[in-house]
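Residue 125 in UniProt numbering sits at position 125 of the sequence shown, and the numbers go up by one each step. Beta carbons: idealized from backbone N, C-alpha and C, even for Gly. Working notes for the structure below.
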Amino acid sequence: MTNQVEQQTAVAALRAQLAEPDKIVVCPGVYDGFTARMALKAGFDCLYMTGAGTTISRLGMPDLGIATLNDMKETASMIASLDQSVPLIADADTGYGGPVMVGRTVAQYMQAGVAALHLEDQVQSKRCGHLLNKQLVSEEEFLSRIRAAVLVRNQRVGDILIIARTDALQSKGYEVARDRLKAAVAAGADIAFLEGITSKEHAKQICLDMAPTPVLYNNVPGGVSPDFSVQEAKELGFKLIIYPGLCLQPVFEAVTKAMETLKEAGAPPKTDFNSTGSPKLVFEAVGLQECISLDKAAGGASYDGGV
Numbered sequence: 001m002t003n004q005v006e007q008q009t010a011v012a013a014l015r016a017q018l019a020e021p022d023k024i025v026v027c028p029g030v031y032d033g034f035t036a037r038m039a040l041k042a043g044f045d046c047l048y049m050t051g052a053g054t055t056i057s058r059l060g061m062p063d064l065g066i067a068t069l070n071d072m073k074e075t076a077s078m079i080a081s082l083d084q085s086v087p088l089i090a091d092a093d094t095g096y097g098g099p100v101m102v103g104r105t106v107a108q109y110m111q112a113g114v115a116a117l118h119l120e121d122q123v124q125s126k127r128c129g130h131l132l133n134k135q136l137v138s139e140e141e142f143l144s145r146i147r148a149a150v151l152v153r154n155q156r157v158g159d160i161l162i163i164a165r166t167d168a169l170q171s172k173g174y175e176v177a178r179d180r181l182k183a184a185v186a187a188g189a190d191i192a193f194l195e196g197i198t199s200k201e202h203a204k205q206i207c208l209d210m211a212p213t214p215v216l217y218n219n220v221p222g223g224v225s226p227d228f229s230v231q232e233a234k235e236l237g238f239k240l241i242i243y244p245g246l247c248l249q250p251v252f253e254a255v256t257k258a259m260e261t262l263k264e265a266g267a268p269p270k271t272d273f274n275s276t277g278s279p280k281l282v283f284e285a286v287g288l289q290e291c292i293s294l295d296k297a298a299g300g301a302s303y304d305g306g307v
């Protein structure tokens, strides 16, 4: 029963954030325990688990529909467990199959403690929403995914928010994409997500057309969509903004530089971390003091001599 209460608390927290009239929920993209811990330490009140980042970090492969339900759910469960008071929104791709499989995905995400997930209308062999030539399923198949998600949510103890994502804008135009989202909300989705927005006009219009349903904006610098600031997205009418690549790009750049420097110069680049002479600061960022406190409170003596 404890886990169910904690799960509901995270979902309730996200619902409360969305209900605040002057708030936009800002979600940094994380994909493992380290990036999630850094986001939590920075004080964010909601996290987003990126499918691209999870695929890259777990499998070392591109975001082309390669990650499975188990890959995604296991990562989501670990991240959600780090601080169960902070909601986690997680990518659920296409739901990984037909209605029965979509239902299983929703059940697994609920059990993992995820506060919200998004389901999209691409085919099973999907690709990142900011790549070209995405293929879509029919509107009816998309809606069957949403209906399956709603049915399973209603059958289980607990709660989860369902985000309907459409990639139809690129190939079918604004009206078709908008109508898919409206139909998904009518089927029980809680939040709308128009992927691949290419103009400020469409950004503002989708928020107006979907009102009062909250609309999510996907900020991918270098992708097909405008690089709106949090304030700009808020003024356009969005209630959530996710930054899936927030950690990927700096990690890619910094680690690439470190590897190249070690290979070419025979020594790693000098950083502030080098001057500390210890990995202790990193361990503290991921819960060292909490572990020490738990050990002491339980009567252990493992760390009495310090660390």
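- Distance from the Cα of G53 is smallest, within the candidate group G43, G33, F44 and R104, for G33.
- Listed as beta-bridge partners of Y243 by DSSP are P28.
- Partner residues in the beta bridge of D91, as assigned by DSSP, are H118.
- Using a 10 angstroms sphere on the CB of E195, the tally of other CB atoms reaches 16 or more, which defines it as buried.
- According to DSSP, residue pairing for T166 in a beta bridge involves L194.
- The segment 135-143 and the segment 111-118 do not touch, with fewer than 3 CB-CB distances between them shorter than 8 Å.
- The C-beta distance from K200 to P226 rounds to 6 Å, short enough to meet the 8 Å contact threshold.
- In the structure shown, the three-state DSSP call for Y48 is strand.
- Nearest to Q84 by alpha-carbon distance, out of M61, L47, Q108 and L69, is L47.
- The beta carbon of I66 is closer than 7 Å to those of T55 and L59 in its chain, skipping five residues each way along the sequence.
- Taken through DSSP and simplified to helix, strand or coil, N218 comes out as strand.
- Separation of the CB atoms of L240 and L208 is rounded to 16 Å, and the pair is thereby denied contact status at 8 Å.
- Shortest Cα-Cα distance from I163 to any of V86, A112 and A92 involves A92.
- Looking only at A42, D22, G98 and T9, the smallest Cα-Cα distance to V286 is reached by A42.
- Pairing L88 with I79 gives a Cβ-Cβ distance under 8 Å.
- With distances taken between CA atoms, Q108 lies nearest to T75 out of V86, T75, L82 and G29.
- It is roughly 48 Å from the alpha-carbon of N154 to the alpha-carbon of V307.
- According to the DSSP assignment, A211 belongs to no alpha helix (DSSP H), since it is labelled neither H nor E.
- Following the DSSP letters along the chain, one finds L248 inside the alpha helix (DSSP H) bounded by residues L248 to A265.
- Excluding five sequence positions before and after D71, the CB atoms of its chain that fall closer than 6 Å to its own CB belong to R58, given in chain order.
- Approximately 5 Å separates the beta-carbon atoms of G158 and M110; this is inside 8 Å, confirming the contact.
- DSSP, reduced to helix, strand and coil, places L136 within a strand of the structure shown.
- For R156, no alpha helix (DSSP H) run applies, since DSSP gives it neither H nor E.
- When only Cα atoms are considered, T50 and D63 end up about 10 Å apart.
- In the three-state scheme derived from DSSP, where H, G and I count as helix and E and B as strand, L161 is classed as strand.
- G223 is positioned such that its CB atom lies no closer than 8 Å to that of R145.
- The residues A10, A13, L40, F44, D45, C46 and L47, in chain order, have a CB closer than 8 Å to that of V86 in the same chain once the five nearest residues on each side in sequence are set aside.
- For the 8 Å CB-CB criterion, C247 and T105 do not form a contact.
- Beta-carbon to beta-carbon, I206 and R178 are separated by about 6 Å, close enough to satisfy the 8 Å threshold.
- In the structure shown, D22 falls within a coil segment according to DSSP collapsed to helix, strand and coil.
- Of all alpha-carbon atoms in I242, K23, I160 and V282, the one lying nearest the alpha-carbon of K234 is that of K23.
- Separation of the CB atoms of A187 and L143 is rounded to 5 Å, and the pair is thereby assigned contact status at 8 Å.
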